[in-house]
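Asker:
Protein chains: 2
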Amino acid sequence: MARTREFDVDAAVTAAMDAFRRKGYEGTSMRDLSEATGLGSGSIYAAFGSKDGLYLAVLDLYRQRYAAPIVDLLRSGSDAREVIREVFVGAVDDITGDGRHLACLIVGASMERAQQDLRVAERLRSTTQSLELALHDLLAEAQARGQIKPDRSASDLAGFLVTSLQGLRVMGAINPDRALLTRYAEVALTCLD
Amino acid sequence: MARTREFDVDAAVTAAMDAFRRKGYEGTSMRDLSEATGLGSGSIYAAFGSKDGLYLAVLDLYRQRYAAPIVDLLRSGSDAREVIREVFVGAVDDITGDGRHLACLIVGASMERAQQDLRVAERLRSTTQSLELALHDLLAEAQARGQIKPDRSASDLAGFLVTSLQGLRVMGAINPDRALLTRYAEVALTCLD
DNA sequence: GCGATACTTTGTCGATCGTTCCAGATAGCC
DNA sequence: GGCTATCTGGAACGATCGACAAAGTATCGC
Numbered sequence: 001m002a003r004t005r006e007f008d009v010d011a012a013v014t015a016a017m018d019a020f021r022r023k024g025y026e027g028t029s030m031r032d033l034s035e036a037t038g039l040g041s042g043s044i045y046a047a048f049g050s051k052d053g054l055y056l057a058v059l060d061l062y063r064q065r066y067a068a069p070i071v072d073l074l075r076s077g078s079d080a081r082e083v084i085r086e087v088f089v090g091a092v093d094d095i096t097g098d099g100r101h102l103a104c105l106i107v108g109a110s111m112e113r114a115q116q117d118l119r120v121a122e123r124l125r126s127t128t129q130s131l132e133l134a135l136h137d138l139l140a141e142a143q144a145r146g147q148i149k150p151d152r153s154a155s156d157l158a159g160f161l162v163t164s165l166q167g168l169r170v171m172g173a174i175n176p177d178r179a180l181l182t183r184y185a186e187v188a189l190t191c192l193d
Numbered sequence: 001m002a003r004t005r006e007f008d009v010d011a012a013v014t015a016a017m018d019a020f021r022r023k024g025y026e027g028t029s030m031r032d033l034s035e036a037t038g039l040g041s042g043s044i045y046a047a048f049g050s051k052d053g054l055y056l057a058v059l060d061l062y063r064q065r066y067a068a069p070i071v072d073l074l075r076s077g078s079d080a081r082e083v084i085r086e087v088f089v090g091a092v093d094d095i096t097g098d099g100r101h102l103a104c105l106i107v108g109a110s111m112e113r114a115q116q117d118l119r120v121a122e123r124l125r126s127t128t129q130s131l132e133l134a135l136h137d138l139l140a141e142a143q144a145r146g147q148i149k150p151d152r153s154a155s156d157l158a159g160f161l162v163t164s165l166q167g168l169r170v171m172g173a174i175n176p177d178r179a180l181l182t183r184y185a186e187v188a189l190t191c192l193d
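Order-wise, the sequence lines are chains Y and P. The first sequence begins at 1 in our numbering and counts up by one. The second sequence begins at 1 in our numbering and counts up by one.
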């Protein structure tokens, strides 16, 4: 054996994620990524193979760190309306939270990369699908319990909720007004009544 | 006087719009734009000043050609539910219409350019605002007539509807399934009931 | 402590970026 | 029909792009 990798891969991917969220895929150069991660380009290529490779790693980390906890929350067995509201509030917080203007990686990837890179498209589909599925299961059970009206299909409702979340990301990029976004989210939630 | 401009500016901007929608702002090179418009780079710079200038012209054309007609439709005096449904159906058609995979310029600009170029951000805000306003006026009148429940603010409903439209664009980029998007749109429209 | 190993850094590669400039082409005015 | 002003297309600019190879350096097993 020999020398071990010195830098923290997760920290580097996190820094790269920030860079990509700020400037998009094409707008972020390898130089930007070097500065953001504090690594030489050689190290980046050794660890991730290419700019695309690093971007895919960023997507995977995003899913693991942000999407998965939401799915877990939805499957935690709490009251459906309450936990869904929590997810929406969390999304609005995330959008307007810090003033760093970090766009949503998922929405950005959908617009900029999904048509160019099949592996990106696949990850996006998988991420939204797992979110939709968790929502579907939660809603279907709530409907069975009579907590939510059964006259609309649980999968349609789930898809609509994900659509609304994506829409909030876009609206937040145009006008990051927390109070406004919260009111829009409230309207979306009334579809469950 | 002397020689007059030969090419059709509108046609050139339209071709550039297609290019930008397909590959995004950073992903589209001047070479791409030259090929798309059929113009030499000299002509492009003479007419638009820069790549940014051409992009702004594209945004303005988009607003004039796609956003303005929607606003007109909303203000045409037709039944509120009916005309709003028409807008949503039109949006789904636009998203899934041709197989050319043209992303929404507005959503793309929001993600990629709004933070970088203030003039882009301003145009985006203005475009969504005029859409929200038209929806608000339509809904407020429908509420006054008793056609729509008055217990939710017309401006919140309007903002929510725009949010849903943006969300549909994103979802369409991830999975351009017309039937699916239509069902999600249907759920959104139930918020008016 | 030494050799072997593999990570990090640096410098540089050809290609391509957005932009500019120039020579040739073309249309209006006398 | 010549003159001139303007548009056109393409060549060329420096800068920067993503990618890579080689040199330097630190860590491991022995």
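The beta carbon of each residue, even a glycine, is placed where N, CA and C say it ideally should be. Given the structure is predicted, the values throughout are model-derived calculations rather than measurements.
Could I get the ranges of all uninterrupted beta strand (DSSP E) runs contained in the segment 105-173 of chain P, with 3 residues as the minimum, in chain order?
Answerer: As far as the segment 105-173 of chain P is concerned, it has no whole beta strand (DSSP E) run of at least 3 residues.
Asker: Within its chain, find whatever has a CB closer than 6 Å to the CB of Y62/P; leave out the 5 residues flanking it on each side and keep chain order.
Answerer: Cβ neighbours of Y62/P beyond the five flanking positions: L105.
Asker: In chain order, what residues of the same chain have a beta carbon less than 7 Å from the beta carbon of D117/P, not counting five sequence neighbours either side?
Answerer: Cβ within range, chain order: D52.
Asker: For I148/P and chain Y, any beta-carbon pair shorter than 8 Å?
Answerer: Taking Cβ atoms only, chain Y never reaches closer than 8 Å to I148/P, which makes this a no.
Asker: Out of D79/Y, A114/Y and L39/Y, point me to the one whose CA is closest to L135/Y's CA.
Answerer: The residue with the shortest Cα to Cα distance from L135/Y is D79/Y.
Asker: Are the C-beta of R125/P and some C-beta of chain Y separated by less than 8 Å?
Answerer: So, interface residue.
Asker: Would you please verify whether the beta carbon of A68/Y is less than 8 Å from any beta carbon of chain P?
Answerer: Not one chain P Cβ lies under 8 Å of A68/Y.
Asker: Sort D72/Y, G38/Y and Q166/Y by Cα distance to L181/Y and report the nearest one.
Answerer: When each option's Cα is compared against that of L181/Y, the closest is Q166/Y.
Asker: May I ask which residues mark the beginning and end of the alpha helix (DSSP H) holding D94/Y?
Answerer: Run containing D94/Y: A80 to T96, per the alpha helix (DSSP H) assignment.
Asker: With a threshold of 8 Å on Cβ separation, who are the neighbours of L189/P within its own chain once the five nearest residues in sequence on each side are excluded?
Answerer: Once the five neighbours on either side are set aside, the close Cβ partners of L189/P are R81, I84, R85 and F88.
Asker: On the three-state DSSP scale, how would you describe Y66/Y?
Answerer: The answer is helix: DSSP assigns Y66/Y an H, G or I state.
Asker: Please look up how many angstroms separate the CB atoms of I96/Y and P176/Y, rounded, as I've assumed it's under 8 Å.
Answerer: According to the sequence as given, residue 96/Y is Thr; it is not Ile. Correct: roughly 5 Å between the Cβ atoms.
Asker: Would A114/Y count as contacting chain P if we go by Cβ distances under 8 Å?
Answerer: Yes, its Cβ sits closer than 8 Å to a Cβ of chain P.
Asker: Rounded to whole angstroms, what's the CA-CA distance from Q147/P to P69/Y? Just pull it up for me.
Answerer: Using only the alpha carbons, I get a separation of about 42 Å.
Asker: Identify whether E35/Y lies in helix, strand or coil by the three-state DSSP scheme.
Answerer: Helix, per DSSP.
Asker: Which whole-angstrom value is the C-beta distance of V162/Y and E132/Y, which I expect to be below 8 Å?
Answerer: Correct: roughly 5 Å between the Cβ atoms.
Asker: Quick test of your reading: V107/Y and L59/Y, contact by CB under 8 Å. State the CB separation rounded to the nearest angstrom.
Answerer: The Cβ separation is near 12 Å, so there is no contact.
Asker: List the residues of chain P whose Cβ lies closer than 8 Å to the Cβ of L168/Y, in chain order.
Answerer: The contacting residues are T163 and G167.
Asker: Give a yes or no on contact between the segment 9-18 of chain P and the segment 139-146 of chain Y, applying the rule of three or more CB pairs nearer than 8 Å.
Answerer: The segment 9-18 of chain P is not in contact with the segment 139-146 of chain Y.
Asker: From what residue to what residue does the alpha helix (DSSP H) around G42/P run?
Answerer: Unbroken alpha helix (DSSP H) run through G42/P: S41 to F48.
Asker: Taking Cβ-Cβ distances shorter than 9 Å, what residues in chain Y pair up with D156/P?
Answerer: Within 9 Å Cβ-Cβ: L180, R183, Y184, E186 and V187.
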